[in-house]
Structure formats: structure tokens, C-alpha cells
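Structure first, commentary second.
Residue numbers (my numbering): 40 to 237.
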């Protein structure tokens, strides 16, 4: 039984939080590109040095390098029976890279979870988070720009996955438990079951 999952949603949709909860629920690693980049930088590897220089310059890590970091992570033993990807693939080029990597291992995604949250809800959540965490870079202008990038670059990947019949659209408004329950129910409807508690 595998659970190879991808969680997608605009900033402020709660995908980071839900991703960790769902991954724990299915006993698979939650793999966030942000966390991987930080780990690569901390490791001081050649890859990490490249990533650090790009991020410090205020640029986005290019697709090729991002795909390399993700593939390295997915090749680790703990991801053999499944994983939950958060933040990758974020555009059509990365979908192609992931497809090529998974098919080379005779694997495919079992489900793509799309967390849907009204735009004004995303903005108010991000603004609140910025205030709580003292993040001065999260201005309304910056947030609106990030949401626009999501709509322009990431939303189109959902069309690709919808055509394959693997997208579950989840209402991202409610308590944390309500949203997690909706996701788990959608995955169970696909025949993905949580491992029994040991």
C-alpha cells in the first residue's frame, strides 16, 4: 500500500499545516521544498551552496535545481512507500520532471489534494500570520503578488492532474480537524488507507 501524495493550494490555504498532519496520518514523510532547501543549505553540500547563493540574491531556485533536490530526497529509504509533496511541482516544467522521475521508478502520484480557500481568506490569514510572527516582508502587496504567481504558474498543473483523474478538491475553510478529516475521507474514497496503529 503506497500513498504518493501532492498537496496544492495558494499561500494561506493551510497546506503546510495540513500536509504535515496528513503525512503523519498515513505514515509517510512530508516533503516541503522550503524545508529541503534549508536542509541542503545547512548541510553545506555543493548543492546547498548553490541554493544558498540563489536565495541570498533574492531569486527563485531554478526548476532544474529544484527538481534535483526533490529527486535526491525522494530517493531516500523513508519515501519508498510514499510521501506527501508540498511546494513541488509548482509549474508545468516541474510536473514533467516529476513524471519522468516517478515513471523511471515505475511509480505515479496516487492523489493530488487541492485546498480551496477564498482569496480574501488567504490574504487575511497571511496578514494575521505576518503580524503574529513579526514578518515585515509579508505586506498586502507582496501577498497579492504571491497569490498572482500561484494563479498564473501553479494553478495550471491542476488541469494536467485533473485530466488524469487524481485531483481531490478540498474545502480549506474550517477547523484544522475538520479539514484533515475531509482530506482523509477523500483519500479513503480512493482506496488509500491509513496504516493501523501499532
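Glycine included, each C-beta is placed from N, C-alpha and C at the ideal position.
Values in this document were obtained by computation on a predicted structure and should not be read as measured data.
List the DSSP bridge partners of residue i.
{"i": "residue 121", "result": "42"}
{"i": "residue 150", "result": "44"}
{"i": "residue 207", "result": "152"}
With a threshold of 8 Å on Cβ separation, who are the neighbours of residue i within its own chain once the five nearest residues in sequence on each side are excluded?
{"i": "residue 238", "result": "Absent from the structure is residue 238, since the part of the chain shown begins at 40 and ends at 237."}
Can you grab the Cα-Cα spacing for the pair residue i / residue j, in whole Å?
{"i": "residue 116", "j": "residue 135", "result": "23 Å"}
{"i": "residue 104", "j": "residue 78", "result": "14 Å"}
{"i": "residue 125", "j": "residue 165", "result": "17 Å"}
{"i": "residue 221", "j": "residue 188", "result": "27 Å"}
{"i": "residue 174", "j": "residue 55", "result": "17 Å"}
{"i": "residue 91", "j": "residue 227", "result": "39 Å"}
{"i": "residue 127", "j": "residue 224", "result": "23 Å"}
{"i": "residue 191", "j": "residue 133", "result": "15 Å"}
{"i": "residue 57", "j": "residue 76", "result": "20 Å"}
{"i": "residue 101", "j": "residue 43", "result": "24 Å"}
{"i": "residue 196", "j": "residue 114", "result": "23 Å"}
Ordered along the chain, which non-local residues of its own chain (more than five positions away) have a Cβ less than 6 Å from that of residue i?
{"i": "residue 60", "result": "219"}
{"i": "residue 182", "result": "162 and 165"}
{"i": "residue 237", "result": "At residue 237, the pLDDT of 46 sits below 50, so the modelled position is not reliable; the number obtained from the coordinates is stated separately. If we look at residue 237 and ignore the five residues flanking it on each side, it has no Cβ neighbours."}
{"i": "residue 243", "result": "With the chain running from 40 to 237 in the structure shown, residue 243 is simply not present."}
{"i": "residue 49", "result": "161, 186 and 189"}
Output needed for residue i: all residues of its chain with C-beta closer than 7 Å, excluding positions within five of it in sequence on either side, in chain order.
{"i": "residue 138", "result": "none"}
Whole alpha helix (DSSP H) runs in the segment 62-94 with 4 or more residues, listed along the chain? You should have 72-82.
May I ask you to verify whether the segment 201-219 touches the segment 149-160, counting CB pairs closer than 8 Å and requiring at least 3? Using a C-beta cut-off of 8 Å, the segment 201-219 makes contact with the segment 149-160, since at least three inter-stretch Cβ pairs fall below that distance.
What residue ranges within the segment 179-206 form continuous alpha helix (DSSP H) runs of no fewer than 4 residues, ordered along the chain? Segments of the alpha helix (DSSP H) lying fully in the segment 179-206: 179-188 and 194-202.
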